[in-house]
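**Student:** In our numbering, the protein residues as written are 683 to 1128.
#1: If contacts are defined as beta-carbon pairs under 8 Å, then residue 776 and residue 724 qualify, I think. What distance do you get, rounded to the angstrom?
#2: Counting along the chain, where does the alpha helix (DSSP H) carrying residue 923 start and finish?
#3: Could you tell me the boundaries of the alpha helix (DSSP H) in which residue 951 lies?
#4: Using only the alpha-carbon positions, how far apart do residue 771 and residue 1120 sit?
#5: Can you list, in chain order, the residues of its chain with a C-beta nearer than 8 Å to that of residue 1052? Leave out the 5 residues immediately preceding and following it.
#6: Using a threshold of 9 Å, state whether the C-beta atoms of residue 701 and residue 816 are closer than that.
#7: Quick check: what's the CA-CA separation for residue 846 versus residue 1000?
#8: Among the candidates 752, 1011, 942 and 693, whose CA atom is the shortest distance from the CA of residue 951?
#9: Is residue 943 near residue 1018, with beta carbons less than 9 Å apart?
#10: Let me make sure I understand the geometry here. Which of 694, 779, 707 and 855 has the alpha-carbon closest to that of residue 795?
#11: Are residue 830 and residue 956 closer than 9 Å when you measure CB to CB?
#12: Is residue 935 near residue 824, with beta carbons less than 9 Å apart?
#13: Roughly how far, in whole angstroms, is the beta-carbon of residue 953 from the beta-carbon of residue 1028, given that I think they are within contact range, below 8 Å?
#14: Which term fits residue 1078, buried or exposed, when burial requires 16 or more other beta carbons within 10 angstroms of its beta carbon?
#15: Note the first and the last residue of the continuous alpha helix (DSSP H) segment covering residue 803.
#16: Would you decide whether residue 756 is buried or exposed? Buried here means 16 or more other CB atoms lie within 10 Å of its CB.
#17: Which residue wins for smallest C-alpha separation from residue 832, given the options 719, 1099, 958 and 1080?
#18: On the three-state DSSP scale, how would you describe residue 840?
#19: Going by the beta-carbon positions, is the gap between residue 968 and residue 1048 smaller than 9 Å?
#20: Given residue 1076, which residues of its chain have a CB within under 7 Å of its CB, disregarding the five upstream and five downstream residues?
#21: I need the DSSP call for residue 1019, collapsed to helix, strand or coil.
#22: To the nearest angstrom, how far is the alpha carbon of residue 970 from that of residue 774?
#23: Can you give the beta carbon distance from residue 937 to residue 1089, rounded, assuming they're within the 8 Å contact cut?
#24: With distances taken from CA atoms, which of 1041, 715 and 993 is nearest residue 851?
#25: Given a cut-off of 9 Å on the beta-carbon distance, is the pair residue 726 and residue 797 in contact?
#26: Under the assumption that residue 1044 contacts residue 1004 (Cβ atoms under 8 Å), give the Cβ distance between them as a whole number of angstroms.
#27: Alpha helix (DSSP H) containing residue 729: first to last residue?
#28: On the premise that residue 1050 lies in contact with residue 975, defined as a C-beta separation below 8 Å, what is that separation, rounded to the nearest angstrom?
#29: Tell whether a beta-carbon distance below 9 Å holds between residue 767 and residue 860.
#30: Excluding five sequence neighbours on each side, which residues of the same chain lie with their C-beta closer than 7 Å to the C-beta of residue 979?
#31: For residue 1114, count neighbouring Cβ atoms within 10 angstroms of its own Cβ and tell me buried if that reaches 16, exposed if not.
#32: Roughly how far, in whole angstroms, is the beta-carbon of residue 834 from the beta-carbon of residue 718, given that I think they are within contact range, below 8 Å?
#33: If we ignore side chains and look at the alpha-carbon of each, how far apart do residue 685 and residue 1013 end up?
Given below as structure tokens:
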């Protein structure tokens, strides 16, 4: 049984590695690709597409648990993977209607996929293996930011324009990668828990297959209703209200490093023919920052003397340094130019080294905030962790969607200013929550 569970966790990680190698690479370059389309009928925006994805994702999360409970995590992940592949395929022969339609569908698919992933990972773990299995899965997932972006660098380095043939070759490769990840979900084996459920259901000969699924659906709806009511109760609590600015900030910076900053680098005139290739290297640097941060803070926080507030404070400082350097190094009109490269002159002569350092710092800071938000929610709401995490993903996704919608209209300095204000407020509120928790523990001990 242990071998089957380990096999499932590794295959799950490999499937997500392939699927998100395709999707994260697509998200990183899609605004640049959309700008380069030599197609007079296409009027879509990469920023708007990503905004739709995160907006739909935030609300679809509320219904996803019921769907996963009815059809099971394995089939849910497979069908979700097909929708991811459909979104990537749109870029091979792009049209505005299919671009936005698949944006909506992938928002639903993302909610189903991540809910099923969590369900499947827990099913294949126990108290002694959950930390190890989570670490294995997370390590494989984070590697998805490396390989696709490396391909972008080698293919786009030295290009000033993205030709139709280059675009088709890239997205055909990403489509194949996505399909491989989707097919790998079919290799997953039934867990011991699933086998027990199936044998129990098969033994109930009076129930037809239709009745069995109807019974599952009714149970799932009741569970989803109960979960939603719990979420409504938690939203009113002081802890969630205080953590909301920090959750919202994680959404703003998620949109910035995953879709906006790479576009800014690719649009910077001063980088010349290397600009487009640097989008790929920037994505890799973000990924390295995420991997270093996740590993480092996972080890440090095993030491109780190393507080969550220290990690969050480090994340704020790291991000503020990155924001200041980006402000000095990248032209102000980089996010908003469409048919041309940047026209504005930044405060410094743009440096590739500084630009890539900022990519690394954005990834490192993101891992600071996310690891500690998960940690404090899991600590405070140990008995209601599912609902607490759902609220976190909802707030994060809503603000990521909002950020993507304004990214094509606001100059870089205003986007950075919004991040600084919300980042400072979020860090301050996190400190207050941690202080309240420490006081609570001290009172209980007293």
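Cβ atoms here follow ideal geometry from the backbone N, Cα and C, with glycine treated the same way.
**Tutor:** Let me lay it out:
#1: Looking up residue 776 in the chain shown gives position 94. Looking up residue 724 in the chain shown gives position 42. Yes, residue 776 and residue 724 are in contact; Cβ-Cβ is about 5 Å, under 8 Å.
#2: Locating residue 923 in the chain shown gives position 241, where the first residue counts as 1. 920–937 is the span of the alpha helix (DSSP H), which, as asked, contains residue 923.
#3: For the purposes of this step, residue 951 is identified with residue 269 of the chain shown, where counting begins at 1. Note, residue 951: premise wrong, no alpha helix (DSSP H); not H, not E.
#4: Locating residue 771 in the chain shown gives position 89, where the first residue counts as 1. Locating residue 1120 in the chain shown gives position 438, where the first residue counts as 1. Approximately 51 Å between the Cα atoms of the pair.
#5: One-based indexing of the chain shown puts residue 1052 at position 370. For residue 1052, where only same-chain residues beyond five positions count, the Cβ hits under 8 Å are 932.
#6: By one-based count along the chain shown, residue 701 stands at place 19. By one-based count along the chain shown, residue 816 stands at place 134. Against a cut-off of 9 Å, the Cβ pair of residue 816 and residue 701 comes out as no contact.
#7: Looking up residue 846 in the chain shown gives position 164. Looking up residue 1000 in the chain shown gives position 318. Their Cα atoms are separated by approximately 38 Å.
#8: On the chain shown, position 269 is the one that residue 951 refers to. Closest option to residue 951, Cα to Cα, is 1011.
#9: Counting from 1 along the chain shown, the entry for residue 943 is found at position 261. Counting from 1 along the chain shown, the entry for residue 1018 is found at position 336. Their beta carbons are not under 9 Å apart, which means residue 943 does not touch residue 1018 by this criterion.
#10: Position 113 of the chain shown, counted from the start, is the residue given in the question as residue 795. It is 694 whose Cα lies nearest to the Cα of residue 795.
#11: By one-based count along the chain shown, residue 830 stands at place 148. By one-based count along the chain shown, residue 956 stands at place 274. Taking 9 Å as the Cβ cut-off, residue 830 and residue 956 do not qualify as a contacting pair.
#12: Counting from 1 along the chain shown, the entry for residue 935 is found at position 253. Counting from 1 along the chain shown, the entry for residue 824 is found at position 142. Not closer than 9 Å, so no.
#13: As a position in the chain shown, residue 953 is number 271, starting the count at 1. As a position in the chain shown, residue 1028 is number 346, starting the count at 1. No, residue 953 and residue 1028 are not in contact; Cβ-Cβ is about 11 Å, not under 8 Å.
#14: The residue you call residue 1078 lines up with position 396 of the chain shown. When all chains shown are included, residue 1078 counts as buried.
#15: In the chain shown, residue 803 corresponds to position 121, counting from 1. 778–805 is the extent of the alpha helix (DSSP H) around residue 803.
#16: Here residue 756 corresponds to residue number 74 of the chain shown, with the count starting at 1. So residue 756 counts as buried.
#17: As a first step, residue 832 is located in the chain shown; it is residue number 150 there, counting from the start. Minimum Cα distance to residue 832 is reached at 958.
#18: Position 158 of the chain shown, counting from 1, holds the residue named residue 840. Residue 840: coil per DSSP, three-state reduction.
#19: Mapped onto the chain shown, residue 968 falls at position 286. Mapped onto the chain shown, residue 1048 falls at position 366. Taking 9 Å as the Cβ cut-off, residue 968 and residue 1048 qualify as a contacting pair.
#20: Translated into positions along the chain shown, residue 1076 becomes position 394. Once the five neighbours on either side are set aside, the close Cβ partners of residue 1076 are 740 and 743.
#21: Counting from one through the chain shown, the residue named residue 1019 turns up at place 337. Residue 1019: coil per DSSP, three-state reduction.
#22: The residue you call residue 970 lines up with position 288 of the chain shown. The residue you call residue 774 lines up with position 92 of the chain shown. Between residue 970 and residue 774, the C-alpha separation is close to 29 Å.
#23: The count along the chain shown starts at 1 and reaches residue 937 at position 255. The count along the chain shown starts at 1 and reaches residue 1089 at position 407. So it is a contact: roughly 7 Å between Cβ atoms.
#24: For the purposes of this step, residue 851 is identified with residue 169 of the chain shown, where counting begins at 1. For residue 851, the nearest C-alpha among the options comes from 715.
#25: As a working mapping, residue 726 is identified with position 44 in the chain shown. As a working mapping, residue 797 is identified with position 115 in the chain shown. The answer is no: Cβ separation not under 9 Å.
#26: Against the chain shown, residue 1044 aligns to sequence position 362. Against the chain shown, residue 1004 aligns to sequence position 322. That belief holds up - the Cβ atoms of residue 1044 and residue 1004 are roughly 5 Å apart, short of 8 Å.
#27: The count along the chain shown starts at 1 and reaches residue 729 at position 47. Note, residue 729: alpha helix (DSSP H), 728–742.
#28: In the chain shown, counting from the first residue as 1, residue 975 sits at position 293. In the chain shown, counting from the first residue as 1, residue 1050 sits at position 368. So it is a contact: roughly 6 Å between Cβ atoms.
#29: As a position in the chain shown, residue 767 is number 85, starting the count at 1. As a position in the chain shown, residue 860 is number 178, starting the count at 1. Against a cut-off of 9 Å, the Cβ pair of residue 860 and residue 767 comes out as a contact.
#30: As a first step, residue 979 must be located in the chain shown, where it is residue number 297. So the list reads 993, 1049, 1050 and 1053, once near-sequence residues are dropped.
#31: In the chain shown, counting from the first residue as 1, residue 1114 sits at position 432. Looking at its Cβ environment, which holds fewer than 16 other Cβ atoms inside 10 Å, residue 1114 is exposed.
#32: Within the chain shown, residue 834 is the residue found at index 152, counting from 1. Within the chain shown, residue 718 is the residue found at index 36, counting from 1. Wrong, their Cβ atoms sit about 13 Å apart, outside the cutoff.
#33: Within the chain shown, residue 685 is the residue found at index 3, counting from 1. Within the chain shown, residue 1013 is the residue found at index 331, counting from 1. Each residue's Cα considered, the two are about 53 Å apart.
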